[in-house]
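A.B. asks: Respectively, the protein sequence lines represent chains A and B. Under our numbering, the residue at position 48 of the first sequence is numbered 50, and the numbers go up by one with no gaps. Under our numbering, the residue at position 33 of the second sequence is numbered 21, and the numbers go up by one with no gaps. Sharing a structure below in structure tokens format, with a few things to ask.
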Amino acid sequence: MADTALTRQIEPPARPAGWQGIAADWSSDQRAFKNVSWGKAMMWIFLLSDTFIFSCFLLSYMTARMSTTVPWPNPSEVFALNIAGQHIPLILIAIMTFILISSSGTMAMAVNFGYRRDRAKTAALMLATAAFGATFVGMQAFEWTKLIMEGVRPWGNPWGAAQFGSCFFMITGFHGTHVTIGVIFLIIIARKVWRGDFDIERRGFFTSRKGQYEIVEITGLYWHFVDLVWVFIFALFYLW
Amino acid sequence: MTNVAVHLEAQQHAHEALASPTAHAEGQQHPIKLYLVVWGWLFVLSTCSYLVDYFGVHGYLRWSLILLFMVLKAGLIVAVFMHMAWERLALAYAILLPPVLVLVFVAIMVFESDYTHLLRVIFFAPTA
């Protein structure tokens, strides 16, 4: 009796699109993000808050650079490298950019294979992403070492405006920390994928909730955000 | 109780299918080729912005090119890699509108730093 009632499909009213959809979703007295799980919504909201943090860093850099009367060091020269006798401007930063973009590419494909429940490919692509990320952090460590050896300090440098060092260390340091956390996050989730946690619905160690392959996409959101921030740092700090 | 739960679940599935016709029953599902194409474009755009520096383009042309490539790259990453293009507008606007307001902050700080710069030029200029 009850079963027949259950199996009867009732067509739900169609959700409106566009501006009407926004008003309807937000005023529906249920949840605003209809087809997004709480995990994904919270990652997006966290990334929004992180956006403000990096915005403030870049803004303070802009303010320092615009208000100083001392010439700003030329990033093109500061980050140049001599490779095989050739003096190439900004080459290290360019390579780091390509590495981070590649890591985003492998991550996007990992998400795709995750939803296809292809454990081996998902884990392999996530580990490749982590390897790219670790390479990026390694190159950043090299860059920091080189600049510190050349006398760049948060309070001064040999080439110009004193604020160059503090802006550089704060912005790239914070970004590098994000990349490092992302690499750790990726390795943890890749291990779970590899072990098949999301197929056998194994309960998590910390939350004792059953995981889903969606966590790969959520990890991906964080990782793409790290790449996104680098796009802005590359344009505004290194190329400007 | 169970009646309601089952009904809600059915409703949810129907909505998922409605919201994004391309989406699989489970999460976002797009052809791999799409990601490879975007990856390629990101490489091209990064190369372009590097070449701006390599060839030493200066002035307004440099700044507009850098900003153009930056915005295009950011757009591709958010829209395709982060799947924002397939989310409902309620989420997209909630996440994408607030950062735009940062531009107001940028405008404020531009005026402020111009003012600071002016004061420094007037009062800290070498007098000897």
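Virtual Cβ for every residue (Gly too), placed ideally from N, Cα, C.
What first and last residue would you give for the alpha helix (DSSP H) that runs through residue 183/A?
C.D. replies: 165 to 197
A.B. asks: Relative to chain A, which residues along the stretch 72 to 87 of chain B have a C-beta separation below 8 Å, given in chain order?
C.D. replies: Along the stretch 72 to 87 of chain B, the positions whose C-beta sits under 8 Å from a C-beta of chain A are 75, 76, 77, 78, 79, 81, 82, 83, 86 and 87, read in chain order.
A.B. asks: Tell me the rounded alpha-carbon separation between residue 232/A and residue 25/A.
C.D. replies: 34 Å
A.B. asks: Determine the direct distance from the alpha carbon of residue 89/B to that of residue 9/B, and round the result to whole angstroms.
C.D. replies: Residue confidence is low: residue 9/B scores 42 on pLDDT, short of 50, so the model does not pin down where it sits. Its coordinate-derived value is still stated next. When rounded, the distance between both Cα atoms is 32 Å.
A.B. asks: Hey, is the stretch 73 to 90 of chain A in contact with the stretch 45 to 56 of chain B, meaning 3+ C-beta pairs nearer than 8 Å?
C.D. replies: no
A.B. asks: Tell me which residue opens and which closes the alpha helix (DSSP H) that residue 226/A is part of.
C.D. replies: 216 to 235
A.B. asks: So the candidates are 56/A, 47/A, 81/A and 111/A; which of them puts its Cα closest to the Cα of residue 82/B?
C.D. replies: 47/A
A.B. asks: So, using beta-carbon positions, are residue 125/A and residue 23/B closer together than 8 Å?
C.D. replies: no
A.B. asks: Does any CB atom of chain E fall closer than 8 Å to the CB of residue 34/B?
C.D. replies: The chain labelled as chain E is not found among the protein chains of the depicted structure, namely A and B.
A.B. asks: So the alpha helix (DSSP H) residue 84/A belongs to, where does it begin and stop?
C.D. replies: Per DSSP, residue 84/A belongs to no alpha helix (DSSP H); it is in the beta strand (DSSP E), 83 to 85.
A.B. asks: Assuming residue 105/B is part of the alpha helix (DSSP H), what are its boundary residues?
C.D. replies: 77 to 111
A.B. asks: Under 8 Å, with one C-beta from each stretch per pair, do the stretch 63 to 77 of chain B and the stretch 124 to 140 of chain A reach the 3-pair mark?
C.D. replies: no
A.B. asks: Within 10 angstroms of its Cβ, does residue 76/B collect 16 or more other Cβ (buried), or is it exposed?
C.D. replies: Answer is buried; the Cβ neighbour count reaches 16.
A.B. asks: If you drop the 5 nearest sequence neighbours on each side, which residues of the same chain put their C-beta closer than 6 Å to that of residue 13/B?
C.D. replies: Here residue 13/B scores only 45 on pLDDT, less than 50, and its place in the model should not be relied on; the value that follows carries that caveat. Closer than 6 Å at Cβ, skipping near neighbours: no residue.
A.B. asks: Note down, in chain order, every chain B residue with its Cβ under 7 Å from the Cβ of residue 91/A.
C.D. replies: 41 and 42
A.B. asks: Under three-state DSSP, which class holds residue 212/A?
C.D. replies: strand
A.B. asks: Just grab the DSSP bridge partners of residue 158/A for me.
C.D. replies: 155/A
A.B. asks: What is the rounded straight-line gap between the Cα of residue 21/A and the Cα of residue 113/B?
C.D. replies: For residue 21/A and residue 113/B, the distance between alpha carbons rounds to 55 Å.
A.B. asks: Against chain A, does residue 111/B count as a neighbour if the rule is that its beta carbon must be under 8 Å from one of theirs?
C.D. replies: no
A.B. asks: Spell out whether any CB of chain A is found under 8 Å from the CB atom of residue 99/B.
C.D. replies: Not an interface residue.
A.B. asks: What did DSSP end up calling residue 202/A once you bin it into helix, strand or coil?
C.D. replies: The answer is coil: DSSP assigns residue 202/A none of H, G, I, E or B.
A.B. asks: What would DSSP say about residue 88/A, mapped onto helix, strand or coil?
C.D. replies: strand
A.B. asks: Taking Cβ to Cβ, would you say residue 229/A is nearer than 8 Å to residue 106/A?
C.D. replies: yes
A.B. asks: Would you mind sorting residue 201/A into buried or exposed? The rule is 16 or more other CB atoms within 10 Å of its CB.
C.D. replies: exposed
A.B. asks: So, helix, strand or coil for residue 11/B, using DSSP?
C.D. replies: Only weak support is given to the placement of residue 11/B: the predicted model assigns it a pLDDT of 42, under 50, and the value that follows is read from those uncertain coordinates. In this structure, residue 11/B counts as coil in the three-state DSSP scheme.
A.B. asks: What does residue 233/A touch in chain B if you count any residue whose Cβ is under 8 Å from its own?
C.D. replies: What residue 233/A touches in chain B: 58, 61, 62 and 65.
A.B. asks: Do residue 75/A and residue 133/A count as a contact pair if the criterion is CB distance below 8 Å?
C.D. replies: Not closer than 8 Å, so no.
A.B. asks: Helix, strand or coil: how does DSSP classify residue 34/A here?
C.D. replies: coil
A.B. asks: Can you check whether the C-beta of residue 230/A is within less than 8 Å of a C-beta belonging to chain B?
C.D. replies: yes
A.B. asks: How long is the line joining the alpha carbons of residue 121/A and residue 41/A, rounded to whole angstroms?
C.D. replies: 21 Å
A.B. asks: Suppose the cutoff is 8 Å on Cβ atoms and the five residues either side in sequence are ignored; what does the same chain contact list for residue 115/A look like?
C.D. replies: 123, 124 and 127
A.B. asks: Over what stretch of residues does the alpha helix (DSSP H) that includes residue 77/A continue unbroken?
C.D. replies: For residue 77/A, the uninterrupted alpha helix (DSSP H) segment begins and ends at 77 to 80.
A.B. asks: Is residue 40/A close to chain B, meaning its C-beta is less than 8 Å from at least one C-beta of that chain?
C.D. replies: no
A.B. asks: Does the Cβ-Cβ distance between residue 60/A and residue 97/B come in under 8 Å?
C.D. replies: no
A.B. asks: In or out: residue 93/B buried (at least 16 other Cβ within 10 Å) or exposed?
C.D. replies: So residue 93/B counts as exposed.
A.B. asks: Could you give the distance in angstroms between the alpha-carbon of residue 188/A and the alpha-carbon of residue 129/A?
C.D. replies: 7 Å
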